[in-house]
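Numbering (our numbering), first residue to last: 530 to 648. First up is the structure itself, then whatever we jot down about it.
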Ligand code: FES
C-alpha cells in the first residue's frame with residue numbers, strides 16, 4: 530500500500546532562466562524526468578514532454594491563443610492548465626502544479642511513500 534504525496538522540485542532560479550524556445554516552451558529535467566515548461570505571459574505551466582496519443586514531442590509544438598499546447602504530430606490540443614484534451618480525442622496530458630517565489634521556480638510531482646508503518 531502506498532500514498533501519493535506532492536514534492537516540490539526547483540527547476541530554475543527565476544522565470545527567464547529556462548531556455549524558452551520561440552514557441553515559449555522550455556524542456557527541463559525534474560527528478561530525472563524531461564518535462565515541458567510553458568510561459569504564457571508571466572505564468573508558467575508544467576506538462577509532459579511526450580504526447581499521450583503517440584509520443585509526439587510537445588516541446589516542438591506550440592501554445593495557441595487559448596493556452597493549449599498543440600502537438601506537432603497530429604495536432605491534438607491539450608489545455609496546459611488542466612491537461613484536458615480540448616480537441617476531443619479522449620486523451621489526457623499529464624500536468625503538474627508550478628509555483629514561483631523570490632527564490633525560484635518549482636514543480637510539484639507525486640512521490641510514492643510507503644505506508645508500511647500503518648500496518
Ligand atoms: S502524437 Fe500527439 S497528437 Fe498524435
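All residues carry an ideal CB built from backbone N, CA and C; glycine is no exception.
How about residue 627 and residue 574: do their beta carbons lie closer than 8 Å? Cβ distance < 8 Å, so residue 627 and residue 574 count as in contact.
Please tell me whether residue 577 and residue 634 are closer than 8 Å, where the distance is taken between their beta carbons. Result no, Cβ atoms of residue 577 and residue 634 do not sit closer than 8 Å.
Does residue 538 pass the burial test, meaning 16 or more other C-beta atoms within 10 Å, or should it be called exposed? Residue 538 should be labelled buried.
Give the secondary structure of residue 616 by DSSP, where H, G and I count as helix, E and B as strand, and everything else as coil. In the structure shown, the three-state DSSP call for residue 616 is coil.
Beta-carbon gap between residue 606 and residue 615 smaller than 8 Å: Yes. Within cutoff.
Please state whether DSSP places residue 648 in a helix, a strand or coil. Caution applies to residue 648, whose pLDDT of 46 falls short of 50 and renders its modelled position unreliable; the value that the coordinates give is listed next. In the three-state reduction of the DSSP assignment, residue 648 falls in the coil class, being assigned neither a helical nor a strand state.
What separation, rounded to the nearest whole angstrom, lies between the Cα atoms of residue 545 and residue 560? Each residue's alpha carbon lies about 21 Å from the other.
Can you tell me whether residue 583 is buried or exposed, with buried defined as 16 or more other CB within 10 angstroms of its CB? Flag for residue 583 reads exposed.
May I have the straight-line CA-CA distance separating residue 556 from residue 636, to the nearest angstrom? If you draw a straight line from the Cα of residue 556 to the Cα of residue 636, it comes to about 13 Å.
Mark residue 587 as exposed unless 16 or more other C-beta atoms lie within 10 angstroms of its C-beta, in which case mark it buried. So residue 587 ends up on the buried side.
What would DSSP say about residue 640, mapped onto helix, strand or coil? Strand at residue 640.
Apart from the five residues just before and just after residue 601, which ones in its own chain have a Cβ nearer than 6 Å to its Cβ? The beta carbon of residue 601 sits closer than 6 Å to those of 585, 589 and 590, all from its chain and outside the five residues before and after it, given in chain order.
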